[in-house]
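For reference, each letter of the sequence shown is one residue, going 1 to 1172 in the UniProt record's numbering.
By construction, the Cβ of each residue, glycine as well, lies at the ideal position given by its N, Cα and C atoms.
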Amino acid sequence: MDPLSITVSTISLATTLSSMLELALSLRESFQQIARNTENARRLASELISTLQQLKEFCDEHFDILEDLPPMRTAIFSLRGEIQTIHSRCCAIVPATVSRTVVQNAKIAFKSWTNRKKIEEDIKELKNRVNLCYMQFTTFASARIEASTQKIRHVATRIDATATRIENRMLTLGRLQTMELEISKGEISFIDIPCNSQRSSGSMSDSTSIDFRQGKMHIADSYLCSEIEAIDRMLQAIPISQIVCAEIQGPYLRPFKPVIHLKPSPHNKPCHRREVITKTIDTLRILQNDPSCGLSLQQGAWNLVNLSVGLYHLELYPEAAVIGLWAVHLFRVLEASDQNAYRPYLILSLHNLSRYHIAKEDNNEAWVAMSECLQITRILVRESPTPEIIGFLSRSLTESSRIAIANQEYTRSLKESQEAVTVSEDVLFNLWRSKHTSLTFSDLEALCFFGRCLNRRAEYGMQDPGNSNLKTSFADDEIESMILQRMQDYARALHQLSYSLHHHKRFVEAIDADKKALQVVRFISQKRDNPLDTDIAEVLLHLGHRDFRLFLHPSEAIHYIQECIEIYQRFSIDGSILYGKMLYHALYTQATILRTMEDYTEEVKVWGEAAKIARSIQEDLLCANALYQACWGLRRLDRLDEAVNIRTEAITTYRPVLEAPSPIVANAHYDLAVDLQLAHRHEEARVAAQEAISQYRALTLQNTELSTEALADSVTLLASILLCTHEVDEALDTGEEALRLFRFIVSQNPPDNDTTSKYEHCLDINMAACFKSDDETKAIKRSFFVVELFEELLTLCPEKYSCDLIDFWESHGLLLNRYDRLEEARKWIDKAVDWFGTRTIKVSYEIERFIVCLCNRAMILDDQGFREKALDSILKAIDLAKDVAKLDYSLASVYVASRVRQVDLLWELGRYNEALSVSEDIIVFARRTRLPDMKDFIDCLLIHATTLNYNDQPERSIDIANDAIELCRSNNSSLEQENRDRKLQLSHALQTLSESLADLGRHGESLAYAKKSLDQILQLQSGLSPSRWPHLRYSRTLLSINLAHRLATVGNYEGALELLSDARTFFEEFSPSRNGYYIELARVLRLISLLHCSFERHEEGATVANSLASLRKRLFIVFPGLASLIDKEFERKMRRLSWLKSTDMTLHCPCLCTCGQNALGSLPSSARCLNQ
């Protein structure tokens, strides 16, 4: 029972004393319980502190693993919040102090009494949370380490294989010496021959001298290979396991210190080869005698180690692996007798053996040797962690990481490279603590990648970097050499870490690791007599990788590569194949960087240097690759003939080194065909494309999935080339094959963006072939098939931009229009217009396509004779474009084109004043906007000159026409289509100029320009295939009508009548399908009738006038709109009547009632010439 819950009013007087006594006893027990709870809380808090200390130590030990893990960070911050909450509660119930008042102490005591159990429970719960967090941390760290180990195993061999592949088959040429090999009774002697020595046959050329030296080197290497085989056979016959091991002696009595075998410099290569041959002969002689008596097992094992290293530096990798494996066998026997003495040398021989296997691209064997090496090394690190053993662990981890990359085990590679970096940092840190170094703490801090030394300064009571007692000099040269060697291991581990991070796409971290490695290597080079220039160059080359260019400024990347090239140039000057290859790769990287900087001229120069280097080291494949890449720069520089020649040379170089059929050679033929097509050498391009197709067909038989797409793309290229050579029927057949190939490809697997892009290009080529074809049925059928295929593609790729389908609808409609099937054409164009009408259009490209569709519909409506409807369609396009064209420069051209079409329709409708006003607005807009295509501006000038002419302003019209003529003649474009457009515009400009000169009475000049305009379009027609002639017949007919006027003016009745008769024939032929031409036909009939009467041929004039009257009656019934337009035109006064030469044309002339008397103005009562 709680005493405070009893109501005072219910307590009787009799029980007051007993109740007070019970309350006092309860209070005492409660406060005693507080003391016990407090003690329990203290005990739990102590346990909590101990667990937290363990957690802190664990986090410090695994800081690199746990630092960047969001789940761990979340858990620790949550735990910290709970601790702070418990701490606040405990502070609120601490025992009373003297400084507090009586009331405050009473409140605290009461709160402690009420919360005595809750605090204890909270502390228990907190302790459980800390324990759980500790378990999570340890479990996650262990899991991550295990996962990283499994993944890194998969990466290593790639980097090592890449490096050794670069070093593979390298034979130094020597600086100015050569060797003659004499083999006599097993003895080898080398005779140095100066390069400038005189021979009886005269001085040898450089190339001959190089071949001579290389031949001698091959002889020496062949001899070495045969001797190594003999050593291998002899060692197999010796029971090595039964040989009794002698007592430990020589270097094995000293602490283990691996000997670093530096690669000989190029000019020392002959001496090194002599030394290796001597060692081989000595070993062979010993084995030929009694090996058990002549040489101890310890010395023999070490001799094999040195021999294997020498063979490795001569790039005799298989032979080095054979000797290295025997060295491992010998050290296994020795290690069985005394582990402590020989186990370090066993791991050294295993490490070397792994490198030999990597060099000969046997990554599996390399990993077997390296895994055993790592296993034994870790045991030695635990048993005797000397700086040499720990440093060897770092080197082994670095090599293992390289093997993992070669085996595509990228996670294992990353883990091992990170461990190698950590081990190297630990070694450097411990050596620095020994104070036998001149390195200051700030130096070490700057060189360490992870900066973990900062956390250790307080732990070991280290002083600030500036303290003088940390700047002691080296105690001896051995310590200094050891530190520099460990720093070199550290730099290589950082560089390997960069490769591992690179494969994990952690590019920024990879760049940072390489930059730190570069900093360390430069620091070491300042301290050593022989700078590590090749290590610097290797890091610089990796920093220039294309994956890093998003994070490095091009100027910085080009600076790295330029320094790398300078280093490799110094090392390859003596003809070193190894550094020649490295120099090639550096030049390759530099060229690609220049390409991203769009410096194509320098890029081509660098490719030329790379090809030269590849030739010097006799690497035909590398040379062909450089030549192949150079062609892209030449293509961008528009040096197409050079690109063709170099591409041809690349193909010639590829063929001897690649097996046929080869995808590389097939791609080269494809690109050669493109180069030839761009250079307008279409016949050669056709041959190259056919060769590419034959290569791809052969490859398709080997691998259908990979080669079918390339085959389809090549067939498409051949179709486009055939179009350029005007072989349209063959192009259609070839294009159909390409379509069926692409249709098969997309039906097998969902196509990617590249495949769909190629497929669309194939569809475009087929549609273009349809427009060039003379076979109406075949062209329309193929065009409809193309539309169906694209609709089918949209169902397979719903995300595909459906606006592209509108282009095919529109193209199919224009093709039908070309073959005079206007009603069908209009349906397809209307379908496209309706598609846009149902959508909210905001994208510039869609707006442009909508405007073009409206203009094309207006064109078809005009051809059908619905000029008012055509004008409405044009006005809708103008309303859509006028506001956007001011903001979007790309829409200016379509806006101007629609306005030009508006003026043309206004002029056709006889609204000359309105047409002039609109044309003047267009000219102002075009001059202010500076249209991207000169064709659009010339169209503006031409339509403006025409409207000026019809508004009785011939002088201004002449000026504008001359401007247009000047612009047309100034064209120097190499594009065929652009040249055709300019010639067509020039003919129209000459026609306008002719008409304006006629208005001014300058008939001789007018006739001359009329003839020039017609000659211009006839010249243009002669250069086109017959399939393109119908497009020009309408323009040619209008020009011939103008020339007929001019001929009639000078009295050439027969010439004028012949031209007008041809125009009549044209319009009578096409009017039934293009009803809009009936207006043009009526004009021509009217002119012919007047021409007959003007030259006193009234009977012929009456006959033509009757034909005109019959046409007008028929149109009034069938096409009343057209009849109305003809009536309006005949009511207007005719212009330029000076060509009427009749002296017998009167008011009673039979042609006037049909041709419109008002059109001729007021005729005089007496018959006389009308020469207004």
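If we ignore side chains and look at the alpha-carbon of each, how far apart do Arg-899 and Gln-864 end up?
-> 20 Å
Do Thr-716 and Cys-762 come within 8 Å of each other at the CB atom, strictly closer than that value?
-> yes
Check whether the Cβ atoms of Leu-414 and Ser-500 sit closer than 8 Å, and answer yes or no.
-> yes
Residue from Phe-1119, Ala-989 and Leu-1085 whose Cα sits closest to the Cα of residue 1174 = In this structure the chain extends from 1 to 1172, so residue 1174 is not present and cannot be described.
Determine the closest residue to Ala-1102 out of Ala-719, Leu-1087, Val-333 and Glu-1069, with distance taken between C-alpha atoms.
-> Leu-1087
To the nearest whole angstrom, what separates the beta carbons of Ser-957 and Thr-992, a pair I think is in contact under 8 Å?
-> 7 Å
Report the option in Ile-573, Asp-599, Val-606 and Glu-598 whose CA atom is closest to the CA atom of His-585.
-> Val-606
Do you know how far the Cα of Leu-816 is from the Cα of Phe-823?
-> Here the sequence assigns Glu to residue 823, which means Phe is not the residue at that position. Roughly 9 Å separates the two Cα atoms.
Three or more beta-carbon pairs under 8 Å between the stretch 522-531 and the stretch 565-575, yes or no?
-> no
Cβ pair count under 8 Å reaching 3, the stretch 1061-1069 against the stretch 851-866 = no
Excluding the five sequence neighbours on either side, which residues of its own chain have a C-beta within less than 6 Å of the C-beta of Asp-820, listed in chain order?
-> Ser-1073
Hey, which unbroken runs of the alpha helix (DSSP H) at 4 residues or more fall wholly within the stretch 497-567?
-> 507-527 and 533-543
Helix, strand or coil: how does DSSP classify Thr-838 here?
-> coil
Please report how far the alpha carbon of Asp-1015 lies from the alpha carbon of Leu-678, in whole angstroms.
-> 30 Å
Mind the definition here: the stretch 632-643 touches the stretch 653-661 only if three or more C-beta pairs lie below 8 Å; say whether that holds.
-> no
Asn-430, buried or exposed, once every other Cβ within 10 Å from all chains shown has been counted against 16 | exposed
What residue ranges within the stretch 283-332 form continuous alpha helix (DSSP H) runs of no fewer than 4 residues, ordered along the chain?
-> 291-294 and 297-313
To the nearest angstrom, report how far apart Ala-731 and Ile-693 are at their CA atoms.
-> 15 Å
Say whether the stretch 954-968 touches the stretch 982-1001, bearing in mind that this needs 3 or more beta-carbon pairs closer than 8 Å, one atom from each stretch.
-> yes
Endpoints, alpha helix (DSSP H) assigned at Ala-614 = 600-616
Any idea if Thr-411 is buried or exposed, counting beta-carbon neighbours within 10 angstroms, 16 or more meaning buried?
-> buried
Cβ-based neighbour list, Arg-795, same chain, cut-off 6 Å, excluding 5 preceding and 5 following | Here residue 795 is Thr; the residue named in the question, Arg, does not match the sequence. Same-chain partners within the cutoff: there are none.
Own chain partners of Asp-1062 with C-beta closer than 7 Å, once the 5 adjacent residues on each side are dropped = Ser-1040
If you draw a straight line from the C-alpha of Glu-1005 to the C-alpha of Ser-1035, how long is it?
-> 21 Å
So Asn-817 is in the alpha helix (DSSP H); what residue range does that whole segment cover?
-> 803-818
Ile-613 to Lys-581, Cα distance in whole Å?
-> 8 Å
Going straight from the alpha carbon of Lys-781 to that of Leu-718, what length do you get?
-> 21 Å
Residue from Asp-547, Asp-620, Glu-566 and Ala-624 with nearest C-alpha to Thr-592 | Asp-547
For the stretch 1111-1128 and the stretch 931-950, state whether three or more C-beta atom pairs, one from each stretch, are separated by less than 8 Å.
-> no
Inter-residue spacing [alpha-carbon to alpha-carbon] between Leu-861 and Leu-1081 | 17 Å
Simplified DSSP assignment, three categories, for Pro-750 | coil
Quick one: which unbroken alpha helix (DSSP H) runs of 4-plus residues sit fully inside the stretch 1076-1112? Chain order, please.
-> 1077-1094
Hey, could you find the ends of the alpha helix (DSSP H) His-680 is sitting in?
-> Element bounds for His-680: n/a, residue is neither H nor E.
Proximity below 8 Å, CB of Ala-630 to CB of Val-604 | yes
Which whole-angstrom value describes the C-beta separation of Leu-297 and Val-333, a residue pair presumed to lie in contact below a C-beta threshold of 8 Å?
-> 7 Å
Helix, strand or coil at Glu-659 [DSSP, three-state] | coil
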